[in-house]
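**Student:**
Numbering (the numbering used here), first residue to last: 36 to 970.
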């Protein structure tokens, strides 16, 4: 039963009539005088386990976790949605789906902690005391304090207009009014109102275990029994003779012994020392005189009073202490001589959020088909649906964190527990549903607090255990919240990842790799088309994290693994449905029927009229008037001839700075602007259809496609002479650069003379501005001079390819995807070769061929690749039908040169009789580089 007494003018005693309609009449009868000890009849049927009082309102929690409120409600502090006083307790319906374990009342606001670790607040918000932002000055219904999501909390506390939350690891978060520095925050950035929870750095290493708040001051209790206070000290409530208000949290040194219980009144602080039995009060009580002299005296002194001496508490155990504005209470229990009289501490009396321990785990594993199974299922749902509860279950001891361990959770312990749980099918099934339907959806996506992200480390371990049980790929479920993280939250998670041991880091990689493999065949099949992108984005984050590691075991192996996944992704994402899988034989195709004799013009005409959707289909090419060939061979041949014509200098689409240099966009284009758009479409189509076409773009093109800025290093590739010249300007060591080099901000590029700055011809380049000059020179070549034509090319390129997928690659990786690589493995090249006609691996001519090939110089081997495939580079991951094939054919004698069908990588090799003759003819063919020879 719940009893009350004292002032009740606003209904805070809860003694009103049984009916809501009687409230006004009861309020008139009750009056404003004090009330003696009475039972609150409205709560007679409720087993109340906790009560908290504000300035003029009260809250109570029943054993079922429901919250009842009564008293003053004009600021919404009752949480019922009504901004008016209530004389009788009423259940807060907005919390009916939650089990509340803690409640705290400020003057005009309220805050609660749920069993599953969430925090809700309501009431006045003028100073940010609700922790929900500053959009509203008050709120009459419970609001979720999302800024604390994911943090395993031990306590919530409320002061006059400020609030606190304490995590299980002892990290303190404060928000609300800070006019007297009652939040303990750094004074380097003083604020009178803090609208979102902020970590209190000054308390981080003190091992705080309990918090209590007064009107404008705060006291915290640490693990070793010390008390630290901060905030208003006008009544001496901080227990310090120094100006603690200005210096932040300070230890109360004059308390003799370790404190076990702590409570703050509005203007004083209580502390109980169990070992000595002393109950101590800090402060003088609020002044009644109201004069300046009184106030000044109070700021200069304080008083520590022993309210109860040890002799008065013989054989008595103090269970809890409470402090109000003018009164104090202690709940005591008479003990026998043999019983420990120390009682429980303040922190031990706090109800805790759900968490898994060994005893609970054993209960689950032993549960049978009865009520114990139902109870276990409820407990599993509570823990495995809640990020803070799951994190709380595997927190490392504080001692480990103090010793320098940066991982807050024990991942190996978690892995062992998950493996054990999944041995029971019913537990694995329940965990599976809770994690996928609730836990992953409730992971914090926009939190600045590191504690909130430990669950992101536990989830992969849990999913890995579930995957082994269910044989399902669950990586995409994890990747989805990772891809939705805000920038600041993503940075925090990546910091956690960077600290992971290699085994756990690799486990996340492998889980996501499985997801990639399972999703690749469906990338372009609705409704799964977008599910792969978050997985690849998560892998990209892991790749970047691992690239930055300096001392991780097997780091190179992890990098290789992630790069391999991206190559696999390239194989699928840059290849249309028909070539990707036989599971979708009816996938649509884009049939391009062109005239060989007017190939480029006819192709551009068709592409200018084609629908966008067709560009993302399988490309099939037919030459008008010619018999149909293997689809892939005509596509390769098509791109070879189209690009061969369009990249020539006399075609007018591109310019070449120097002999054998890459091509670039002209500053004054002579071709129509739409042709750059159509070239972008063609280039995108070649990548999409995985054709390794010869288009000599520099790396700068790929950088610009990905939104990255080209540099002087890129200019050295485009124009080695100019790049070297500009580098010499930067490296010039003499002081006479202006007189000796005679450069100005006026340059000539592609036969166009321009000023890099207004009146640039009159501004000389000197030691002070040379970096700026080079930077503007490079920017002009790569950006300003080609802005319009490049944008058209880029627009066409992304008509075909997915910009998000392209963004997953590094520029150099995209270069290799588009142009191939030079990491030649000649042994693998030989082993993967196929033989047609009369040839096989042991045929004499074939043996002689490989004998000759192995003896070729690197330049000649590259020349052979160019001869037989149209490129001297190798695909990042070649198709099966793009390996070398050596074919014998009638009509070719040993007097003929070898021929190549480049589109299919077929070498037509005559049956030579001697090694010498074969070598002579092969070298001659390479030098002639006939290519695209037709039988």
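Just so it is clear, CB atoms sit at the ideal spot from N, CA and C, and this is done for glycine as well.
What is the rounded straight-line gap between the Cα of residue 616 and the Cα of residue 655?
**Tutor:** By one-based count along the chain shown, residue 616 stands at place 581. By one-based count along the chain shown, residue 655 stands at place 620. Residue confidence for residue 616 is low, a pLDDT of 43 falling below 50, so the modelled location carries little weight and cannot support an answer.
**Student:** Could you check the C-alpha separation between residue 38 and residue 91 for me, to the nearest Å?
**Tutor:** If you number the chain shown from 1, residue 38 lands on position 3. If you number the chain shown from 1, residue 91 lands on position 56. For residue 38 and residue 91, the distance between alpha carbons rounds to 16 Å.
**Student:** Excluding the five sequence neighbours on either side, which residues of its own chain have a C-beta within less than 8 Å of the C-beta of residue 722, listed in chain order?
**Tutor:** Translated into the one-based positions of the chain shown, residue 722 becomes position 687. 609, 835, 836, 852 and 853, listed in sequence order.
**Student:** What are the boundary residues of the beta strand (DSSP E) that residue 511 is part of?
**Tutor:** Counted from its first residue, the chain shown places residue 511 at position 476. Run containing residue 511: none in the beta strand (DSSP E); it sits in the alpha helix (DSSP H), 510–518.
**Student:** Which residue spans inside the stretch 147–228 form an unbroken beta strand (DSSP E) run of at least 3?
**Tutor:** Runs of the beta strand (DSSP E) inside the stretch 147–228: 154–159, 173–179, 188–193, 197–202 and 207–212.
**Student:** Would you check if the distance between the CB atom of residue 46 and the CB atom of residue 101 is smaller than 8 Å?
**Tutor:** Here residue 46 is taken as the residue at index 11 of the chain shown, counted from 1. Here residue 101 is taken as the residue at index 66 of the chain shown, counted from 1. No. Outside cutoff.
**Student:** Give the single residue among 465, 473 and 421 whose Cα lies nearest to the Cα of residue 409.
**Tutor:** Translated into positions along the chain shown, residue 409 becomes position 374. If we check each option's Cα against that of residue 409, 465 comes out closest.
**Student:** What did DSSP end up calling residue 296 once you bin it into helix, strand or coil?
**Tutor:** As a working note, residue 296 is residue 261 in the chain shown. Residue state, collapsed to three classes: strand.
**Student:** How about the stretch 781–788 and the stretch 714–734: do they share at least three Cβ pairs that are nearer than 8 Å?
**Tutor:** As far as the Cβ criterion goes, the stretch 781–788 does not touch the stretch 714–734, which means the pair count is below three.
**Student:** In the structure shown, what three-state DSSP assignment does residue 285 receive?
**Tutor:** The residue given as residue 285 occupies position 250 in the chain shown. Looking at residue 285 - three-state DSSP - the assignment turns out to be strand.
**Student:** Can you round the beta-carbon distance between residue 257 and residue 235 to whole angstroms, since I take them to be within the 8 Å contact cut?
**Tutor:** Within the chain shown, the letter at position 222 stands for residue 257. Within the chain shown, the letter at position 200 stands for residue 235. Actually they are not in contact, since the Cβ atoms of residue 257 and residue 235 sit about 13 Å apart, beyond 8 Å.
**Student:** If you follow the beta strand (DSSP E) that residue 247 is part of, which residue opens it and which one closes it?
**Tutor:** Stepping through the chain shown from its first residue, residue 247 is reached at position 212. Unbroken beta strand (DSSP E) run through residue 247: 243–248.
**Student:** Taking Cβ positions, are residue 812 and residue 761 nearer each other than 8 Å?
**Tutor:** Here residue 812 refers to the residue found at position 777 of the chain shown. Here residue 761 refers to the residue found at position 726 of the chain shown. Yes; because the gap between Cβ atoms is below 8 Å, this pair is in contact.
**Student:** Note the first and the last residue of the continuous alpha helix (DSSP H) segment covering residue 468.
**Tutor:** Position 433 of the chain shown, counting from 1, holds the residue named residue 468. Element bounds for residue 468: 460–469.
**Student:** Between residue 306 and residue 246, how many whole angstroms is the CB-CB distance? I'm expecting something under 8 Å.
**Tutor:** For the purposes of this step, residue 306 is taken as the residue at position 271 of the chain shown. For the purposes of this step, residue 246 is taken as the residue at position 211 of the chain shown. In fact, because the Cβ distance is near 13 Å, the residues do not count as touching under 8 Å.
**Student:** Here's a check: name, in chain order, each residue in its chain whose Cβ is nearer than 7 Å to the Cβ of residue 798, leaving out the five neighbours to either side.
**Tutor:** Here residue 798 is taken as the residue at index 763 of the chain shown, counted from 1. Excluding sequence neighbours, residue 798 sits near 779, 780 and 792.
**Student:** Grouping DSSP H, G and I as helix and E and B as strand, with all else coil, what is residue 44?
**Tutor:** For the purposes of this step, residue 44 is taken as residue 9 along the chain shown, with counting starting at 1. Residue state, collapsed to three classes: coil.
**Student:** Suppose only complete runs of 3+ residues qualify. What are the beta strand (DSSP E) ranges in the stretch 399–430, listed by chain order?
**Tutor:** List check, beta strand (DSSP E) in window: nothing returned.
**Student:** Ends of the alpha helix (DSSP H) at residue 840?
**Tutor:** Taking the chain shown and counting its residues from 1, one reaches residue 840 at position 805. Segment 838–841, the alpha helix (DSSP H) holding residue 840.
**Student:** Taking residue 931 as part of the alpha helix (DSSP H), name the residues at either end of that continuous run.
**Tutor:** One-based indexing of the chain shown puts residue 931 at position 896. Neither: residue 931 is in no alpha helix (DSSP H) and is coded neither H nor E.
**Student:** Shortest alpha-carbon distance to residue 394 belongs to which of 428, 633 and 382?
**Tutor:** One-based indexing of the chain shown puts residue 394 at position 359. Answer by Cα proximity: 428.
**Student:** Specify, as a first and last residue, the run of the beta strand (DSSP E) that residue 885 falls within.
**Tutor:** Working through the chain shown from its first residue, we reach residue 885 at position 850. Careful: residue 885 lies outside any beta strand (DSSP E), inside the alpha helix (DSSP H) at 879–889.
**Student:** State whether the stretch 739–747 contacts the stretch 815–829, with contact taken as three or more CB pairs (one from each stretch) at a distance under 8 Å.
**Tutor:** With a cut-off of 8 Å, the stretch 815–829 and the stretch 739–747 count as touching, because enough Cβ pairs lie within range.
**Student:** Classify residue 972 as buried or exposed, calling it buried when 16 or more other Cβ atoms lie within 10 Å of its own Cβ.
**Tutor:** An answer regarding residue 972 cannot be provided, because it is not within the stretch 36 to 970 covered by the chain.
**Student:** Just confirm the distance between the C-beta atoms of residue 31 and residue 825, as a whole number of angstroms; I'd bet it's less than 8 Å.
**Tutor:** In this structure the chain extends from 36 to 970, so residue 31 is not present and cannot be described.
**Student:** So what does DSSP say about residue 645, is it helix, strand or coil?
**Tutor:** The sequence position of residue 645 within the chain shown is 610, counting from 1. Coil, per DSSP.
**Student:** Which residues mark the beginning and the end of the alpha helix (DSSP H) in which residue 525 is found?
**Tutor:** Here residue 525 refers to the residue found at position 490 of the chain shown. Unbroken alpha helix (DSSP H) run through residue 525: 522–533.
**Student:** Would you call the CB atoms of residue 252 and residue 263 closer than 8 Å?
**Tutor:** The residue you call residue 252 lines up with position 217 of the chain shown. The residue you call residue 263 lines up with position 228 of the chain shown. The answer is no: Cβ separation not under 8 Å.
**Student:** Assign residue 781 to one of three DSSP states: helix, strand, or coil.
**Tutor:** In the chain shown, the residue the question calls residue 781 occupies position 746. Correct three-state label for residue 781: strand.
**Student:** What did DSSP end up calling residue 767 once you bin it into helix, strand or coil?
**Tutor:** Taking the first residue of the chain shown as 1, we reach residue 767 at position 732. Coil at residue 767, not helix or strand.
**Student:** Look up residue 126 in the DSSP assignment and say whether it is helix, strand or coil.
**Tutor:** Your numbering for residue 126 matches position 91 in the chain shown. Strand.
**Student:** To the nearest angstrom, how far is the alpha carbon of residue 463 from that of residue 537?
**Tutor:** If you number the chain shown from 1, residue 463 lands on position 428. If you number the chain shown from 1, residue 537 lands on position 502. Spanning the two alpha carbons is a distance of roughly 27 Å.
**Student:** What separation, rounded to the nearest whole angstrom, lies between the Cα atoms of residue 195 and residue 218?
**Tutor:** For the purposes of this step, residue 195 is identified with residue 160 of the chain shown, where counting begins at 1. For the purposes of this step, residue 218 is identified with residue 183 of the chain shown, where counting begins at 1. Distance between the alpha carbons of residue 195 and residue 218: 12 Å.
**Student:** Can you tell me whether residue 857 is helix, strand or coil according to DSSP?
**Tutor:** For the purposes of this step, residue 857 is identified with residue 822 of the chain shown, where counting begins at 1. Coil.
**Student:** Could you check what DSSP says for residue 958 in three-state terms: helix, strand or coil?
**Tutor:** Locating residue 958 in the chain shown gives position 923, counting from the first residue. Note: residue 958 maps to helix in three-state DSSP.
**Student:** With a cut-off of 8 Å on the beta carbons, I'd call residue 737 and residue 831 a contact; round off their distance for me.
**Tutor:** Working through the chain shown from its first residue, we reach residue 737 at position 702. Working through the chain shown from its first residue, we reach residue 831 at position 796. Actually they do not touch by this definition, with Cβ atoms about 15 Å apart.
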